[in-house]
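Protein chains in written order, with our numbering: chain A, 568 to 687; chain B, 6 to 168.
A virtual CB, placed ideally from N, CA and C, is assigned to each residue, including glycine.
These figures come from a predicted structure and were not determined experimentally.
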């Protein structure tokens, strides 16, 4: 995510501070994005809330990559990138690994939550 | 005391071991050792890393569906203490463990045993299909008949020489 930093000569630190951080911690996890996509059914976004701190008042958002853009043109340009397409492909695939998957793989049964007390 | 499973490799995490990561959406990730934690931080997918249980399960390396798996499960309701039940479960654990180990062993045997037949079959078909690369098409059918004759002649000659 994010390109090279134009004025950096040391190869190890070639990403700018912002893009280096973005790949590591600021992004949503795969499973969180997957759940969000499931909820909205493929990224048809409703009206986003106005936020002064985000680029473009938080109006131009890519659900798959969890990124905000300053305007429509930039966002549409982002949709054409390889990174975005790769991400979409991953999200179209099987659901990400969860703790339940880990438990099942370890030879445990499905969790037992007991009888339902309240019927909704 | 609850024995949790590692998020990455699905091994058991005993109390006082490993590390736990709570994400800012309150999801808990437990890891049995720093190896698993580091792999998680590298955003690796356990389904694609060969040494994890998730991979082995997915690719048919381990036993998957078995009735013995139904006993160990996360129970999210308190159980009232009953001395008899505890005694019986302690007895049953040993028995079930024995059954599971035996079944896993047979599964392993079947998995490792089946390949030789398949390899021989493949080798046979390859020989039939591409023998023409080595010998001319006409010569193949004559080959075994010649082989039988040659040693007999040789032996006869040898006898003559000896005499």
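Got a sec, what are the start and stop residues for the alpha helix (DSSP H) residue 60/B sits in? 58 to 63
Sorted by chain position, which residues of the same chain lie with C-beta nearer than 8 Å to residue 22/B's C-beta, five sequence neighbours on each side aside? 37, 38
Is residue 107/B close to chain A? Criterion is C-beta to C-beta, closer than 8 Å. no
Under 8 Å: do the region 612 to 625 of chain A and the region 585 to 599 of chain A share three or more Cβ pairs, one atom per stretch? no
Which of helix, strand or coil DSSP assigns to residue 10/B: strand
Contact with chain B by residue 676/A, beta-carbon distance below 8 Å: yes
Reference residue 661/A; option with closest CA among 35/B, 135/B, 33/B, 52/B: 52/B
Rounded separation between residue 81/B and residue 94/B - CA only: 18 Å
Can you give the Cα-Cα distance for residue 104/B and residue 110/B, rounded to whole angstroms? 10 Å
Alpha helix (DSSP H) containing residue 646/A: first to last residue? 639 to 646
Rounded to whole angstroms, what's the CA-CA distance from residue 655/A to residue 646/A? Just pull it up for me. 10 Å
According to the Cβ coordinates, are residue 642/A and residue 632/A closer than 8 Å? no
Would the region 14 to 31 of chain B and the region 105 to 125 of chain B be scored as touching if the rule is three or more Cβ pairs under 8 Å? no
Residue 586/A versus residue 634/A - alpha carbon distance: 11 Å
Would you call residue 674/A buried or exposed, if buried means 16 or more other Cβ atoms sit within 10 Å of its Cβ? buried
Rounded to the nearest angstrom, what separates residue 11/B and residue 130/B at their Cα positions? 46 Å
According to the Cβ coordinates, are residue 668/A and residue 79/B closer than 8 Å? no
Can you list the residues of chain A that residue 30/B reaches, using a CB-CB cut of under 7 Å? 599
Residue 115/B and residue 73/B - do their beta-carbons sit closer together than 8 Å? no
Quick one: does residue 626/A have its CB under 8 Å from some CB of chain B? no
Could you tell me how far apart the beta carbons of residue 59/B and residue 672/A are, in whole angstroms, since I believe they sit closer than 8 Å? 5 Å
Residue 629/A (DSSP reduced to helix, strand or coil): strand
Which of the residues in the region 56 to 71 of chain B, read from start to end, lie with their CB under 7 Å from any CB of chain A? 58, 59, 62
Would a check of beta-carbon distances place residue 662/A closer than 8 Å to chain B? no
The alpha helix (DSSP H) enclosing residue 106/B, as first and last residue numbers: 88 to 118
Can you give me the C-alpha to C-alpha distance between residue 588/A and residue 47/B, rounded to a whole angstrom? 13 Å
DSSP state of residue 25/B, grouped into three classes? strand
Residue 139/B in three-state terms, based on DSSP: coil
Rounded to whole angstroms, what is the Cα-Cα separation between residue 679/A and residue 96/B? 22 Å
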